[in-house]
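Below is one structure, written out as structure tokens; comments come after it.
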Amino acid sequence: MRMDGHRNWTGPGGGSGRPWGEPKVRNGRTLGRAVTMWLALALAMAAAVGMVSGCAKETAAGSLVVKGSDTLVNLSAAWAEAFMEANEGVEISVQGGGSSTGFKALIDGMADLANASRPIKDSERQALEAKGKVPVAHVVACDAVNMVVHPSNPIRSLTMQQLSAILTGQVTNWKSLGGEDRPITVYSRETSSGTYAFVREHVMGDQDYVFSARLMPSSESILQAVSQDATAIGYVGLGYVTEAVRVLAVAVDDASPAVPPSIETVNDGSYPVARPLFVYSAGEPGDLGKAFIEFCTSEAGRAITEEMGFVPVGS
Numbered sequence: 001m002r003m004d005g006h007r008n009w010t011g012p013g014g015g016s017g018r019p020w021g022e023p024k025v026r027n028g029r030t031l032g033r034a035v036t037m038w039l040a041l042a043l044a045m046a047a048a049v050g051m052v053s054g055c056a057k058e059t060a061a062g063s064l065v066v067k068g069s070d071t072l073v074n075l076s077a078a079w080a081e082a083f084m085e086a087n088e089g090v091e092i093s094v095q096g097g098g099s100s101t102g103f104k105a106l107i108d109g110m111a112d113l114a115n116a117s118r119p120i121k122d123s124e125r126q127a128l129e130a131k132g133k134v135p136v137a138h139v140v141a142c143d144a145v146n147m148v149v150h151p152s153n154p155i156r157s158l159t160m161q162q163l164s165a166i167l168t169g170q171v172t173n174w175k176s177l178g179g180e181d182r183p184i185t186v187y188s189r190e191t192s193s194g195t196y197a198f199v200r201e202h203v204m205g206d207q208d209y210v211f212s213a214r215l216m217p218s219s220e221s222i223l224q225a226v227s228q229d230a231t232a233i234g235y236v237g238l239g240y241v242t243e244a245v246r247v248l249a250v251a252v253d254d255a256s257p258a259v260p261p262s263i264e265t266v267n268d269g270s271y272p273v274a275r276p277l278f279v280y281s282a283g284e285p286g287d288l289g290k291a292f293i294e295f296c297t298s299e300a301g302r303a304i305t306e307e308m309g310f311v312p313v314g315s
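For the sequence shown, position 235 matches number 235 in my numbering, and the numbering has no gaps at all.
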């Protein structure tokens, strides 16, 4: 799905527009098992039509560098592995580092495609346009940002206003929210993360994070920290969640029901902290980039997306 506008999202299933609101933890072994499980399906689907991503197999050749969002890095690597297996002679390098890192690499000509968990900033767009390129956004999957706490925390749900108050430091003790008399420790992604920016804009109303927030380099590091800290709250994507943490349901306001994050609640628009995930190209992508992006949202690609814990586009 290509997006020409950036302020509203129609949802993965084509539902009503809403503002843009990281997957079970995938280490190398788990990622390998997931890809192996779905690779046969991906190849069978591609072979059945004699094509990959709308391009004849023999036309897919060359190399791609894909860089950016840590939310997307495992999923993108799984897509790349399946695509390369279906197209001998193709090499795709997938690197993380955060959405901002991906956009910088795209601007500097160091990446062919940029993975992003947020829309491109005006400054990034202008830097790309200064080099004669227009950024093109391609929606490749959808995600729910999960608010997670330690399993011992009795809190089961929070409103968007309460989340904002926690993350900005207006509320500093769990007792104020009906929990135990303990300080609140906020774990956040680093500033280069698209998820950091998304939460700041869509949950916190563009306010600053509390000065004591602990900035973590990855979703996995947030998950580990929260699982070991009874005072903690953090956020990770739908596919990173494990039983080591408790996921909170989120309500839009006091008058609304608290909704747990899931593929279903992202699809029906009821979970308020959901978002599209993007691959950006500098102008229209070349033949190989186009074929890879189309594979990501093909039937085979969507099967991998769902297995990796994300919400497929068009599901």
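Here a beta-carbon is modelled for each residue, glycine too, at the ideal position from N, C-alpha and C.
Predicted, not measured: the structure shown is a model, and the values here were computed from it.
Leaving aside the five residues that flank residue 216 on each side, the residues in its chain whose CB is nearer than 8 Å to its CB run, in chain order, 187, 188, 189, 190, 222, 225 and 234. Residue 156 and residue 246 have their C-alpha atoms spaced approximately 8 Å apart.
Comparing alpha carbon positions, the residue from 268, 219, 297 and 285 closest to residue 73 is 219. Note on residue 211: under 16 other CB atoms within 10 angstroms of its CB, so exposed under the neighbour-count rule. Annotation for residue 267: the continuous alpha helix (DSSP H) segment containing it runs 263-267. Nearest to residue 296 by C-alpha distance, out of 285, 279 and 287, is 279. Around residue 251, the same chain offers 157, 158, 159, 160, 257, 258, 259 and 272 as residues with beta carbons nearer than 8 Å, after the five sequence neighbours per side are excluded.
Taken in chain order, the complete alpha helix (DSSP H) segments of 4 or more residues contained in the region 193-222 are 194-202. Note on the region 225-299: whole alpha helix (DSSP H) runs with a minimum of 4 residues are 263-267 and 287-296, in chain order. Of all alpha-carbon atoms in 284, 228 and 66, the one lying nearest the alpha-carbon of residue 137 is that of 284.
The Cβ atoms of residue 154 and residue 178 sit closer than 9 Å to each other.
For the options 130, 139 and 77, the alpha carbon positioned closest to that of residue 118 is the one of 139. For residue 92, the uninterrupted beta strand (DSSP E) run begins and ends at 90-95, by DSSP. Around residue 227, the same chain offers 244 and 245 as residues with beta carbons nearer than 6 Å, after the five sequence neighbours per side are excluded. If the five residues before and after residue 305 are omitted, its C-beta is found closer than 6 Å to the C-beta atoms of 141 and 312, all from its own chain and listed in chain order. The three-state secondary structure of residue 87, taken from DSSP, is coil. With 16 or more neighbouring CB atoms inside 10 Å of its own CB, residue 67 falls in the buried class. For residue 167, the uninterrupted alpha helix (DSSP H) run begins and ends at 160-168, by DSSP. A Cβ-Cβ contact shorter than 9 Å links residue 92 with residue 292. By the neighbour-count criterion, in which a residue is buried when 16 or more other Cβ atoms sit within 10 angstroms of its Cβ, residue 175 is exposed. Secondary structure of residue 74 (DSSP, three-state): helix. Here residue 274 really is in contact with residue 143; their C-beta atoms are around 7 Å apart, less than 8 Å. In this structure, residue 101 keeps its C-beta atom at 9 Å or more from the C-beta atom of residue 237. Bridge pairing for residue 185: 232 [DSSP]. No Cβ-Cβ contact shorter than 9 Å links residue 63 with residue 94. Setting aside the 5 residues that flank it on each side, residue 135 is surrounded in the same chain by 120, 125, 128, 280 and 282, each with a C-beta closer than 7 Å to its C-beta; the list follows chain order. In summary, residue 104 is buried, with 16 or more beta-carbon neighbours lying within 10 Å of its beta-carbon over all protein chains present. Beyond the five residues adjoining it in sequence on each side, residue 145 comes within less than 6 Å, by CB distance, of 235 and 273 in the same chain, given in chain order. Of the candidates 166, 214 and 193, the residue whose Cα lies closest to the Cα of residue 203 is 166. For the 9 Å CB-CB criterion, residue 116 and residue 69 form a contact. 108 is the residue among 108, 113, 148 and 229 whose C-alpha sits nearest the C-alpha of residue 132.
Between residue 286 and residue 83, the alpha-carbon positions lie close to 16 Å from each other.
Residue pairing by DSSP puts residue 66 in a beta bridge opposite 94 and 113.
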